[in-house]
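Peer 1: Chains A and B supply the protein sequences, listed in that same order. Just so it is clear: in the first sequence, position 497 is 497 by the UniProt record's numbering, and no numbers are missing. Just so it is clear: in the second sequence, position 328 is 328 by the UniProt record's numbering, and no numbers are missing. Handing you this structure, nothing more for now.
2 protein chains.
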Amino acid sequence: MSARWWRTGAATIRRLLQTTEPGHNNTVVARGWLKSLRRQKRVAFAALTDGTTARPLQVVLSPETAEHLNVGSAVEVSGTLAESPGKGQALELQAANVSVIGDCDTASYPVQGRDASAEFLRTIPHMRMRTSTLAAALRVRSCLTQLTHRIFAEWDFASVHTPILTSNDCEGGGDVFSVTAPHHHHRHSESSQPSDGTSDSTGTGGRLRSNRNSGNSGNGSEADDAAAVTTAGLFSRPFHLTVSGQLHAEAIACGAYPRVYTFGPTFRAENSHTPRHLAEFYMLEAEMAFASLDDCLDLQDDFISAAAAQLMHAAGDDLDMLWSKEPATRERVQALAKGSYERITYTEAVKALEEHHAKTAFTLAPCWGRDLAYEHEQFIANMCEGPVFITNYPKAIKPFYMLQDDSPPSQGATVAAADLIVPGIGELTGGSAREHRLDHLHANITEQLGAAAAADLEWYLDLRRFGSVPHAGFGLGFERLLLAVTGLKNVRDVIPFPRHPGVCYL
Amino acid sequence: MSARWWRTGAATIRRLLQTTEPGHNNTVVARGWLKSLRRQKRVAFAALTDGTTARPLQVVLSPETAEHLNVGSAVEVSGTLAESPGKGQALELQAANVSVIGDCDTASYPVQGRDASAEFLRTIPHMRMRTSTLAAALRVRSCLTQLTHRIFAEWDFASVHTPILTSNDCEGGGDVFSVTAPHHHHRHSESSQPSDGTSDSTGTGGRLRSNRNSGNSGNGSEADDAAAVTTAGLFSRPFHLTVSGQLHAEAIACGAYPRVYTFGPTFRAENSHTPRHLAEFYMLEAEMAFASLDDCLDLQDDFISAAAAQLMHAAGDDLDMLWSKEPATRERVQALAKGSYERITYTEAVKALEEHHAKTAFTLAPCWGRDLAYEHEQFIANMCEGPVFITNYPKAIKPFYMLQDDSPPSQGATVAAADLIVPGIGELTGGSAREHRLDHLHANITEQLGAAAAADLEWYLDLRRFGSVPHAGFGLGFERLLLAVTGLKNVRDVIPFPRHPGVCYL
């Protein structure tokens, strides 16, 4: 295979600075966008960036050349890379030639200087990543994404793609986005044609219990088809955007591959206007067969600490730049990288909260049996001086799929679940051992969701009918992990194109 | 960090077989599902699998122990790993103890034996990955996913997450899924509250041109809000599921990071009933700034050949197993791994097709200016004896964003675009240089999509206003690449939970 230009040192400014030695005979070419221009009487300085590194490349050029350049323009600069006598950078590019690739009207260019607010920049998501902070957030996100795949690959976890379109609502909250397809006329001649030697039509012979009432859309009567088209367009039943890949990941972990992770977009149609919520956000979810809650906490501990440690190594320059604005972040990331997070039970936590509440009142009174509020979680995290797993929540406030604690002292009142709370961030992960006993799971579903839901979840019950195993898993809010490591304050700034109530730009 | 069990050799059967030496003093523990049981008079054999490797672990046990076991059950076996005298495996586990973790009613267990058709298995997606073929497909998909991130990371490409919810329709085909949110009442007290020091409300001050008519939903009057809720629930304008991340990826490549890839789900609400189409499928899309069509083809060449070569190394056992059913696949994957795919122009291709058509008629007559049909593409791929880029298509049949060829012989009649056609698979990738000239792009959009679309795409035009650069990119259908490497015939079998017209199981 030939050495393409994107594999060579000259291709990005980051590689250029990493791999090129300064010297008079060393002519290099750099391409990027002009971030700033500073003209003096005898010399001019330009900051050139292509977004691949936290520090722009300082270009030294003549005032005459600089005269014709505009901030924001794309340029190609050739010249000599030399040691820089100025402070702020080790190397500088002494330009022999500057050619403008694409000009920019500086007067209307919206991302100049340091005065643009985060709020204004959110209105121009296609432009804001040209600013230093958003560019660093983009690089850290990329690095953490690639590290995530690398770490799980090393630990023999399979990467699986759970579906976005689904009729399951794992959390049962009801805040789901509905999806409809255009109203095609079903073409019977085509849908009953074999396409690969077997018939592509659906329904006949299908044993999937949850579809037994709607399984004949592909080859039913005209009347049936019309009804299907009316209710859900292309598909035979209503469907929506996934709120979690957990149930599907369990199906793979329980019989197909014992350790899986899924990392992709999930959706909540909540009307939440907080800096910690998005309507479209990324979740890392992992499931392990033959595993307990303790195994699951160990896995989270291992993953988050490995990711934080490797990120500090791989994206150190970006983190340094981001942390300079929020110095306390360094300590938090170091605590994350250290691992071995505290673990306390919900019951212990409520006891501590009640004691505190007696002296200094919270806005909401803590009470065993109720969910913890953000202020409560933060109190516990501060009390433990770092990330803390709160474990064994009351069964009544948790979803149907969590394993009931049967041994004393719980005796069925709690479940083997845990949330990881991080100071300043709130809930970073939520996980549990899953109820693997068919009778208990069936009872939970019927009690919490009703008999109809139990029929819809027959496929999920199958996992407990045919070779059930104790298993556990967790979900991690990727944007919250990014807040934790970058020190940024709003999840809208660590995702390129944020979607939240009222806003779906571009 | 402690050595957790998922990092040790004992944790999966694959690792067990890779890292454990046979020997009488070597007691090991294996956990998995019983795939088959064969009872003889003095001895019994069980095939144990946990899905991590193509070949099950042979367990040798007493007929008495086997008596109480059922196919499909989850078990834990401890014993000695020894060299196997039988054929078919190098090692076998001589069981000292077998304990049942989760029993299975063999009579109703749906995934036994070799007689289940691919079509039947598609009706039980939560179970079918327990079969050898689907398990291998799952592992190959995982391996190729992890390789993709690894290769692009090595080449300094940033991993970016382009949005699923969008109001842009890159391809303009209209076959999009619409999304609606539940009708919340907008809570003004909350939406106008500051959340992180800055106001979280949207709209005021926003300069995003495409949103200027709908930018005040977050803090408008009650009447405005009611209208917004009626039309699109949580958001201020209608939106749908993305058909491609390209335009958003361009926004990042053109000014933020010069080389990006996005790898995630995309959606087409087409009523297509073919073994090559899904309603929800995965696309790998890459964009490079400062790049031509040739660079883009080189990149595809490099990526696909590196992925195929590394996959043969990393998933050799799975590929051997899958290829045993479709021996011609080996040759195709070797051709993919070799790289340097043929390149011929659309005009040359049509000439060859017309010559052939004169002798042996195609179903559809080839004609310069029309799209190539599947039969045409396959003819060209066979003629070139392997993967082939067909380049420089007529401008009139391609989308607005493609760069017009201005030099002779085209003189504006064609665009700098290419599709990669693979024998037996069809179109694997489609890519182009992007029109980076503001005036040309504006004219294309207005001509193809109308003036209203041009207003909606002002943000995209901004990329050509502020430091425009020549750039190029491509999209690759991930399931089609999986067909190419596995030899499977239907995209529904290389994705865990396929969605296509009539079917959205689970």
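All C-beta atoms, glycine included, are put in the ideal place defined by N, C-alpha and C. The model shown is predicted, which means the values in this text are computed figures rather than measured ones.
Answer yes or no: does any C-beta atom of chain A fall closer than 7 Å to that of residue 287 of chain B?
Peer 2: Mapped onto the second sequence, residue 287 of chain B falls at position 287. It does not: the Cβ of residue 287 of chain B has no partner Cβ on chain A nearer than 7 Å.
Peer 1: Residues of chain B with CB under 7 Å from residue 239 of chain A, in chain order?
Peer 2: The residue you call residue 239 of chain A lines up with position 239 of the first sequence. Within chain B, the residues near residue 239 of chain A are 504.
Peer 1: Indicate the three-state DSSP secondary structure (helix, strand or coil) for residue 393 of chain A in the structure shown.
Peer 2: The residue you call residue 393 of chain A lines up with position 393 of the first sequence. Three-state result, residue 393 of chain A: coil.
Peer 1: Helix, strand or coil: which one does DSSP assign to residue 78 of chain B?
Peer 2: Here residue 78 of chain B corresponds to residue number 78 of the second sequence, with the count starting at 1. Note: residue 78 of chain B maps to strand in three-state DSSP.
Peer 1: Mark residue 105 of chain A as exposed unless 16 or more other C-beta atoms lie within 10 angstroms of its C-beta, in which case mark it buried.
Peer 2: What you label residue 105 of chain A is simply residue 105 of the first sequence in a count that begins at 1. Classification of residue 105 of chain A: exposed, given that the 10 Å Cβ count is below 16.
Peer 1: Look at the Cβ atom of residue 445 of chain A, then the Cβ atom of residue 377 of chain A, and state whether they are nearer than 7 Å.
Peer 2: Position 445 of the first sequence, counted from the first residue, corresponds to residue 445 of chain A. Position 377 of the first sequence, counted from the first residue, corresponds to residue 377 of chain A. No, they are not a contact pair.
Peer 1: How is the beta strand (DSSP E) around residue 265 of chain A delimited, first residue to last?
Peer 2: Here residue 265 of chain A corresponds to residue number 265 of the first sequence, with the count starting at 1. For residue 265 of chain A, the uninterrupted beta strand (DSSP E) segment begins and ends at 259-267.
Peer 1: Residue 178 of chain A CB to nearest chain B CB: under 7 Å?
Peer 2: Numbered from its first residue, the first sequence carries residue 178 of chain A at position 178. Yes, contact with chain B.
Peer 1: With a threshold of 6 Å on Cβ separation, who are the neighbours of residue 95 of chain A within its own chain once the five nearest residues in sequence on each side are excluded?
Peer 2: Mapped onto the first sequence, residue 95 of chain A falls at position 95. A distance below 6 Å between beta-carbons, with the five flanking residues on each side excluded, links residue 95 of chain A to the following residues of its chain, in chain order: 59, 61, 77 and 79.
Peer 1: Between the C-alpha atoms of residue 63 of chain A and residue 100 of chain A, what's the straight-line distance to the nearest angstrom?
Peer 2: As a position in the first sequence, residue 63 of chain A is number 63, starting the count at 1. As a position in the first sequence, residue 100 of chain A is number 100, starting the count at 1. For residue 63 of chain A and residue 100 of chain A, the distance between alpha carbons rounds to 16 Å.
Peer 1: Which one of A/442, A/88, A/25 and A/72 has the shortest CA to CA distance from residue 129 of chain A?
Peer 2: Start at 1 with the first residue of the first sequence, and residue 129 of chain A comes out as number 129. If we check each option's Cα against that of residue 129 of chain A, A/72 comes out closest.
Peer 1: Using only the alpha-carbon positions, how far apart do residue 127 of chain A and residue 432 of chain B sit?
Peer 2: For the purposes of this step, residue 127 of chain A is taken as the residue at position 127 of the first sequence. For the purposes of this step, residue 432 of chain B is taken as the residue at position 432 of the second sequence. Approximately 23 Å, taken between the alpha carbons.
Peer 1: Residues in the same chain with beta-carbon distance under 7 Å from residue 151 of chain B, minus the five sequence neighbours each way, listed in chain order, please.
Peer 2: For the purposes of this step, residue 151 of chain B is taken as residue 151 along the second sequence, with counting starting at 1. For residue 151 of chain B, where only same-chain residues beyond five positions count, the Cβ hits under 7 Å are 303, 306 and 307.
Peer 1: Residue 11 of chain B: which of B/140, B/52, B/42 and B/416 sits nearest, CA to CA?
Peer 2: The residue given as residue 11 of chain B occupies position 11 in the second sequence. The candidate whose alpha carbon is nearest that of residue 11 of chain B is B/52.
Peer 1: What does residue 142 of chain A reach in chain B if we use C-beta pairs closer than 7 Å?
Peer 2: The count along the first sequence starts at 1 and reaches residue 142 of chain A at position 142. Ordered by position in chain B, the residues that pass the 7 Å Cβ test against residue 142 of chain A are 158, 159 and 160.
Peer 1: Can you find a CB in chain A that lies within less than 7 Å of the CB of residue 368 of chain B?
Peer 2: To locate residue 368 of chain B, count along the second sequence from 1; it is residue 368. By this cut-off, residue 368 of chain B is not an interface position.
Peer 1: Taking Cβ positions only, does residue 6 of chain B come closer than 7 Å to chain A?
Peer 2: Working through the second sequence from its first residue, we reach residue 6 of chain B at position 6. With a threshold of 7 Å between beta carbons, residue 6 of chain B makes contact with chain A.
Peer 1: Give, in chain order, every residue of the segment 444-472 of chain A whose Cβ lies closer than 9 Å to some Cβ of chain B.
Peer 2: 459, 460, 462, 463, 464, 465, 466, 467, 468, 469 and 470
Peer 1: Does chain B have any CB closer than 7 Å to the CB of residue 109 of chain A?
Peer 2: The count along the first sequence starts at 1 and reaches residue 109 of chain A at position 109. Yes, contact with chain B.
Peer 1: Excluding the five sequence neighbours on either side, which residues of its own chain have a C-beta within less than 6 Å of the C-beta of residue 283 of chain B, listed in chain order?
Peer 2: Mapped onto the second sequence, residue 283 of chain B falls at position 283. The residues are 266 and 475.
Peer 1: Out of A/123, A/341, A/380 and A/492, state which residue places its alpha-carbon closest to the alpha-carbon of residue 352 of chain A.
Peer 2: Here residue 352 of chain A refers to the residue found at position 352 when the first sequence is read from its first residue. Relative to the Cα of residue 352 of chain A, the nearest Cα in the group A/123, A/341, A/380 and A/492 belongs to A/380.
Peer 1: Going by DSSP in three states, residue 225 of chain A sits in which element: helix, strand or coil?
Peer 2: Translated into positions along the first sequence, residue 225 of chain A becomes position 225. Its pLDDT being 35, under 50, residue 225 of chain A is placed unreliably in this model, and the coordinates cannot settle the point.
Peer 1: Would you grab the beta carbon distance between residue 349 of chain B and residue 369 of chain B for me? Rounded to a whole angstrom, and I think it's under 8 Å.
Peer 2: Walking along the second sequence from the start, residue 349 of chain B turns up at place 349. Walking along the second sequence from the start, residue 369 of chain B turns up at place 369. Not a contact, Cβ separation roughly 13 Å.
Peer 1: Against chain B, with Cβ distances strictly below 7 Å, would residue 554 of chain A count as a contact?
Peer 2: The structure shown has nothing for residue 554 of chain A, since chain A only spans 1 to 506.
Peer 1: To the nearest angstrom, how far is it from the Cα of residue 13 of chain B to the Cα of residue 138 of chain B?
Peer 2: Counting from 1 along the second sequence, the entry for residue 13 of chain B is found at position 13. Counting from 1 along the second sequence, the entry for residue 138 of chain B is found at position 138. When rounded, the distance between both Cα atoms is 16 Å.
Peer 1: Which bits of chain B does residue 378 of chain A rub up against, with CB to CB less than 8 Å?
Peer 2: Here residue 378 of chain A refers to the residue found at position 378 of the first sequence. The contacting residues do not exist; residue 378 of chain A stays about 15 Å from chain B at best.
Peer 1: Let me see if you follow: with CB-CB separation under 7 Å, is residue 72 of chain B close to chain E or not?
Peer 2: Given the protein chain composition of this structure (A and B), no chain E is represented.
Peer 1: Counting only Cβ-Cβ distances shorter than 9 Å, please list the residues of the segment 311-336 of chain A near chain B, keeping chain order.
Peer 2: Taken residue by residue, none of the segment 311-336 of chain A has a beta-carbon sitting less than 9 Å from a beta-carbon on chain B.
Peer 1: Contact check, residue 279 of chain A vs residue 269 of chain A under 8 Å by CB: the rounded distance?
Peer 2: For the purposes of this step, residue 279 of chain A is taken as residue 279 along the first sequence, with counting starting at 1. For the purposes of this step, residue 269 of chain A is taken as residue 269 along the first sequence, with counting starting at 1. Right, their Cβ atoms sit about 6 Å apart.
Peer 1: Under the DSSP definition of a beta bridge, which residues are partnered with residue 474 of chain A?
Peer 2: Taking the first residue of the first sequence as position 1, residue 474 of chain A is located at position 474. Residue 474 of chain A is bridged to A/286 and A/431.
Peer 1: Going along the chain, which residues of its own chain have a beta-carbon closer than 7 Å to the beta-carbon of residue 109 of chain A, five neighbours each way excluded?
Peer 2: In the first sequence, counting from the first residue as 1, residue 109 of chain A sits at position 109. Here the set comprises 71 and 72.
Peer 1: Closest Cβ-Cβ distance between residue 165 of chain B and chain A: below 7 Å?
Peer 2: Counting from 1 along the second sequence, the entry for residue 165 of chain B is found at position 165. Yes, residue 165 of chain B lies at the interface with chain A (some Cβ there is under 7 Å from its Cβ).
Peer 1: For residue 251 of chain A, which residues in the same chain have their Cβ closer than 8 Å to its Cβ, ignoring the five residues on either side in sequence?
Peer 2: Reading the first sequence from its first residue, position 251 is the one you call residue 251 of chain A. Closer than 8 Å at Cβ, skipping near neighbours: 459, 460 and 463.
Peer 1: Count the CB pairs spanning the segment 249-263 of chain B and the segment 141-161 of chain B that are closer than 8 Å, and state whether there are at least three.
Peer 2: yes
Peer 1: Do the CB positions of residue 425 of chain A and residue 337 of chain A come within less than 7 Å of each other?
Peer 2: Indexing the first sequence from 1 puts residue 425 of chain A at position 425. Indexing the first sequence from 1 puts residue 337 of chain A at position 337. No, the pair does not count as a contact, with Cβ atoms beyond the cut-off.
Peer 1: Chain B partners of residue 264 of chain A, CB-CB under 8 Å?
Peer 2: Position 264 of the first sequence, counting from 1, holds the residue named residue 264 of chain A. What residue 264 of chain A touches in chain B: 264 and 265.
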